[in-house]
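At position 808 of the sequence shown the residue is numbered 804 (my numbering), and the sequence of numbers has no breaks.
We put the CB at the ideal spot given by N, CA and C, even for glycine.
This structure is a prediction, so every number in the text was calculated from the model and none was measured.
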Amino acid sequence: MTLESQRLKQLYDGETNWYKWGPYLSERQWGTVREDYSADGNAWNYFPHDHARSRAYRWGEDGLGGISDDHGLLCFALALWNGKDPILKERLFGLTNGEGNHGEDVKEYYFYLDSTPTHSYMKYLYKYPQAEYPYEDLVKTNASRDRYQPEYELLDTGIFDENRYFDVFVEYAKADSEDVLIQITVANRGPEAAPLHVLPTLWFRNTWSWEDTGEKPLMTQQSGHHCSVVQAHVNNPVLTPFIHDYYFYCQAGVPLLFTDNETNTERILGQPNENPYVKDGISNYVIHGQAEAVNPGQTGTKVAPHYQITVGAGETTVIKLRLTKATPAEVGDPFGDYFDQSFAARLQEADEFYATVMPPSVREDADRANVMRQALSGMMWTKQYFYYDLDPWLRERNVNPWSSTADKKRVRNSDWFHMKNDDIVSMPDKWEYPWYAAWDLAFHVIPISLIDPGFAKDQLMLMLREDYLHPNGQIPAYEWNFGDVNPPVHAWATWEIYTRDRQVNDGKGDVEFLKYAFSKLLINFTWWVNRKDEGGNNLFQGGFLGLDNIGVFDRSSPLPTGGYLEQADGTAWMVFFSQQMFQIALELALHDPLYEDFALKFFQHTMWIGGAMDRIGEHQDELWDEEDGFFYDVLRLPDGTSMRLKVRSLVGLLSVMAVAVFHREVLQKLPRLAKEITEFLGKHPELTHNIHLTTQLGVRDRYMLAVLNEDKLKRVLSRMLDESEFLSPHGIRSLSRHHLDHPYIFHHGGQEYKVGYVPGDSTSGMFGGNSNWRGPVWMPMNLLLVRALLQLFSYYGEDFTLEYPTGSGEQKDLFDIAQCVAERLAGIFLKDENGRRPVYGQSEKFQTDPHWQDLILFYEYFNGDDGSGIGASHQTGWTGCVARLIQALGYFTKEMILEYSIPSIIRRD
């Protein structure tokens, strides 16, 4: 067992809280719903970037490459000034949703280079220009571009020409769980020496300005052994259960600048400051020379040692710091040999840990190993302390549980009074999406489980807790609208985490985790059945279901035609949900006969919903189109007529993923369940007429629940694997390329609604225009499709083959096809035969510069033609699933898939 694995065990056993300190700072607290107190709900305008340096936050903090304790009370981050910028670089800059021609977008270059699960070692890189940062140019130029033009990026401004920038590395190494060593390394990549102000900043989150929360914490300068010391003192019973006194050490002789983390009301509101030392005091001192802006008494709630360095061309400068609960008397020399030895040891331990995670073939391929490690490290860096207490938040907006419907409608999330978020949560992207999204989170846990299965399980259970899950059973979507509907993927993620955990623990699964999750998912399934089946016919709606602009209409708004949609994806998701619940219930029934009834329930649900997708006979009101061999949404009009909306998209491909495979021996061990399943099928032969015959045995004595019978499977897959339709060089597209020359057009009320193939940035303003499901490749959906191919292979075996690619004349079995698709996805990030990474497209800086070319950005989605990255640039969240694909490519063999039975055969105690 590696030392990092031992730390995880200490954590799981409750011996040591190695999670106490981590990268829990947001990268954008401004412009969030939590900080929005506007009358019109315009969060971006109410708290813009321009206010962030001067205005105290209420619900969280942000910073550059920073860390905090696990309640976000004491925070540390980097601040920089090149002598030319109009403001300190304390946080990342980006455009708001209204400023960007493709929605909000961060305009900085930063990278999560390394992190262990316990954050015993972490490394971050920020690229800071030596010339004045082009804030105005970025805003104006992007504003002048339309949706058909590319975004104007920081590299496009020319500010990195001649390599006139600093690489600023921030590393953290834990000497113990509450002793964090910090090393900042500044490398000048330019041709000339350049000056830099470095201000590593420590501050308390402002908990005292909003309500009576007791005594304000205080930072004061202390004497130390050949070093400067700041004591961060807490003497407040509200805070002391979460945090105690810490000491911040920096090198001797460096001036300490103190102020308070309080709003500069003079600048923000035009009102005199009650306290002369405010949030932007250090910035005003350094940039504007305002000596009175910092506290000469050397006390406050925010402090920064002020390093003024000049770094020669091609040279580096190192700054050492330490944050610990150890007093000066206990710590002695904070930067002695122990400091460097600890860093070296933690890095070596990180290397040893990741060597156990990667299969040998991945370790032997330096490029694959680099991509996989940066993906997993990014998953660790995108943890964030998320604080959002809806009861006081809503009451501050004059809404309470008994308010009128009209009053509630004017305030978002007004039906979620029960919710209190006060946790470390895995974020999609800590700048672009610094709030959790429930269905994203389900994908996050898949790669996270490779290195920290305990945290993965905790994240899944978080969304099912009473203070998250709505009393009616709905899982919260995201802070902009908790009541929106996301695809029901939690049951799948639960099953995936359970089976992997069982696999690495010699066949012993965490049954208590499975029981807890199942009990809560049962409530959520009931919510879906009661709320999203408008016709009561097992055909489901759900709105946009995470696929934003994929449809002809905005599927979360009233239809311009009236009526409603029966969604092929909503229905396929519900089959998928039901199948996963069936598998979980089967597993639990092998331990407890109580769950046999639940297994039968979800078997029946699966059959009813799957059967409804294609009833016996030819009907224009059903989802399956026999002529096209594809599933489509059905529009039901107010006059009782209906029609298919023939857009070939992921909506129709989701039927492929609706598959569950289980071993015959499971039913042999559950004879009552087997008897009731047989009786049910005998009573309802119409349900199995057009879907896979559940009683038909596959290879290795397996049964399969699937929407697609063999004929339909071949027809749908022939389109999915066709390079002129869905199969791109870099994975499965979200919309068929057929629609490039043949867009789907719908006319109503004198207006044209059109869906065409758009491989890159969205040309539609639907859902803010910052995502596009009309052509690009999306990693999470591809992960599900690859998983489905492997599941299907475990049932059909090697004798079932298809043309791959369609029309090539070459036959492959489903395992080989899954491998090929996974390789295309991994290839987005890997160097090709010319040493270029498709993710970076035509960006020569990223493709050829030695200080850029091995740094990986995990974009939100990818161009359907060339694989270049689009959207949020740090959505390591679900795009981090590429780590699981790389691991699987190096690990699984055909025989392993054929031997691996789902669920396991466990005799009852």
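- Selection Tyr129, Ala702, His302 and Cys223 evaluated against Phe572 yields Ala702 as nearest (Cα-Cα).
- In the displayed model, Asp363 falls within a helix according to three-state DSSP.
- In the three-state DSSP reduction, Cys71 falls in the strand class (E or B).
- The Cβ atoms of Gly793 and Leu731 do not sit closer than 8 Å to each other.
- Per the coordinates, the alpha-carbon of Pro472 lies some 20 Å from the alpha-carbon of Thr567.
- Per DSSP, Gln575 is one residue of the alpha helix (DSSP H) stretching across Ala564 to Ala585.
- One alpha carbon belongs to Arg632, the other to Glu530, and they sit about 11 Å apart.
- Between Asn482 and Asn768, the CB-CB gap reaches or exceeds 8 Å.
- Counting C-beta pairs closer than 8 Å gives three or more between the segment 385 to 395 and the segment 413 to 421, which meets the contact rule.
- Remark: C-beta atoms of Met368 and Ile824 do not approach each other more closely than 8 Å.
- Per DSSP, the unbroken beta strand (DSSP E) holding Met639 starts and ends at Ser638 to Leu641.
- Around the beta carbon of Leu689, a 10 Å sphere encloses fewer than 16 other beta carbons of the protein chains shown; the residue is thus reported as exposed.
- Between the segment 152 to 163 and the segment 54 to 61, the count of C-beta pairs closer than 8 Å stays below three; the two stretches do not touch.
- Annotated three-state conformation of Ala325 is helix, per DSSP.
- Straight-line measurement puts the Cα of Val234 at about 57 Å from the Cα of Gln664.
- By the Cβ test, the segment 319 to 334 is not in contact with the segment 276 to 290, since fewer than three Cβ pairs between them sit closer than 8 Å.
- Judged by pairs of C-beta atoms under 8 Å, the segment 309 to 316 touches the segment 175 to 194, as three or more such pairs exist.
- Looking at the backbone, the Cα of Ala656 and that of Gln576 are separated by about 7 Å.
- Residue range Pro667 to Lys679 is occupied by the alpha helix (DSSP H) that includes Gly678.
- Setting aside the 5 residues that flank it on each side, Arg668 is surrounded in the same chain by Glu592, each with a C-beta closer than 7 Å to its C-beta; the list follows chain order.
- Bridge partners of Gly90 according to DSSP: Val102.
- Assignment of Lys750 by DSSP, reduced to helix, strand and coil, places it in the strand class.
- Fewer than three pairs of CB atoms, one per stretch, sit closer than 8 Å, so the segment 69 to 82 makes no contact with the segment 29 to 39.
- Phe349 and Met118 have their C-alpha atoms roughly 13 Å apart.
- It is roughly 7 Å from the alpha-carbon of Glu174 to the alpha-carbon of Trp17.
- Nearest in C-alpha terms to Trp604, of all of Tyr628, Lys679 and Ala189, is Lys679.
- Rounded to the nearest angstrom, the gap between the Cα atoms of Thr320 and Ser760 is 50 Å.
- Secondary structure within the segment 388 to 466: the alpha helix (DSSP H) runs of 4 or more consecutive residues, fully enclosed, are 401 to 405, 434 to 447 and 449 to 458 (chain order).
- Bounds of any alpha helix (DSSP H) do not take in Pro301; it lies within the beta strand (DSSP E) bounded by Lys298 to Pro301.
- Of the candidates Tyr855, Tyr857 and Lys827, the residue whose Cα lies closest to the Cα of Thr844 is Lys827.
- In the three-state reduction of the DSSP assignment, Lys212 falls in the coil class.
- A direct Cα-to-Cα measurement between Ala300 and Pro113 gives close to 28 Å.
- A residue is called buried when at least 16 other Cβ atoms come within 10 angstroms of its Cβ; Glu0 meets this threshold and is buried.
- Residue pairing by DSSP puts Gln304 in a beta bridge opposite His193.
- Leu517 and Glu583 do not touch by the CB rule: their CB atoms are close to 13 Å apart, not below 8 Å.
- The beta carbon of Ala289 sits closer than 6 Å to those of Gly277, Asn280 and Tyr281, all from its chain and outside the five residues before and after it, given in chain order.
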